Amino acid sequence: MPEIKYAIFDVGQTVYPFTLQPLIDYMQKETAEPEVFANHHTPRFYDYNPYMKGKMTDAEFAEELCFFCRVPYHENRLEEINQALHKGCGSPFPQTLKAMNILRRNKVEICLLTNALPLLADTGAKLTKPELAFTSYDLHLLKPDTAIFQTVLDKLNTTPERTLFFDDKSTNVKAAQSLKMNGIVYRPETVLKELSFYLPPAPMTLRSREV
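When you read off a place in the sequence shown, starting at 1, and then add 20, the result is the number in this note's numbering.
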């Protein structure tokens, strides 16, 4: 198997746990039409894809989300929505940070590839300090479209066999694997064991220090 040169990580549910619940709670408190809100007009049912593909500004997204949830819009809504979204970002998975450290010791560059809400653009990179970060809103593509993976391969100027992709969604991993990228369906409890299959064995002294 070719040596891995780039490890490419998803962010939400892979770098850190993420939930929409703080945003749902905020919009439920602010809605002017609770009955409509309760009938599939919560943030859980809103279509975020155009925003994640870079087709809307932050302000346009906030205004449209408010309309969908029947929340009166005013100039402070964008910042309040931003705060609620950030509250949904949990602490990073220690297993992910350890996996990144192991990869870096093996001279593997860390990249991020995420279907990202632009308001949360800062979160993954602040925690992981990747060499490169790719987002759906910059590439105007969404996983699991294979075009987004091919675009990343082209930008890295590498072969798929030299990449290792981590994502909590199996559909995204399968899409990457269809291009012959290596892939791991991310689970905190199994990621380190699965990662070991793609790296050369560590020297005995290093393994003993990590036990």
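Ideal Cβ placement from N, Cα and C applies to all residues, glycine included.
Quick caveat, the model's predicted, so the values are computed rather than measured.
Rounded separation between residue 225 and residue 208 - CA only: Unreliable positioning characterises residue 225 in this predicted model, as indicated by a pLDDT of 49, which lies under 50. The coordinate reading is nonetheless provided below. Their backbone Cα atoms lie some 25 Å apart in a straight line.
DSSP three-state assignment for residue 28, whether helix, strand or coil: Shown here, residue 28 sits in a strand according to DSSP, grouped into three states.
Secondary structure of residue 85, DSSP reduced to three states: Helix at residue 85.
Element boundaries [beta strand (DSSP E), containing residue 187]: Bounds of the beta strand (DSSP E) holding residue 187 are 183-187.
Per-residue burial, residue 156 [other beta carbons within 10 Å of its own, 16 or more giving buried]: Answer is buried; the Cβ neighbour count reaches 16.
Cutoff 7 Å; reference residue 200; Cβ partners in own chain excluding five residues on either side: Counting only residues of its own chain and dropping the five nearest sequence neighbours on each side, residue 200 has a CB closer than 7 Å to the CB of 180, 181.
Alpha carbon of residue 160 to alpha carbon of residue 211, nearest angstrom: For residue 160 and residue 211, the distance between alpha carbons rounds to 29 Å.
For residue 133, the first and last residue of its enclosing beta strand (DSSP E): Where residue 133 is concerned, the enclosing beta strand (DSSP E) starts and stops at 129-134.
Start and end residues, alpha helix (DSSP H) containing residue 144: Run containing residue 144: 141-148, per the alpha helix (DSSP H) assignment.
Sequence-distant residues of the same chain with beta carbon closer than 8 Å to residue 79, five excluded per side: 98.
Candidates 35, 191, 150, 83, of which the one nearest residue 169 by Cα: With distances taken between Cα atoms, residue 169 lies closest to 191.
Host alpha helix (DSSP H) of residue 167 (start-end): 166-176 is the span of the alpha helix (DSSP H), which, as asked, contains residue 167.
Same chain only: Cβ atoms within 7 Å of residue 119, ignoring 5 sequence neighbours per side: The residues are 211, 212, 215.
DSSP three-state assignment for residue 36, whether helix, strand or coil: Reduced to three states, the DSSP call for residue 36 is strand.
Which residues DSSP lists as bridging residue 205, in chain order: Residue 205 pairs with 187.
Nonlocal neighbours in the same chain, by C-beta distance under 8 Å from residue 238, ignoring five residues either side: Residue 238 is absent from the model: the chain starts at 21 and stops at 231.
Meets three-Cβ-pair contact criterion under 8 Å: the segment 22-29 and the segment 120-128: The answer is yes - the segment 120-128 touches the segment 22-29, with three or more Cβ pairs under 8 Å.
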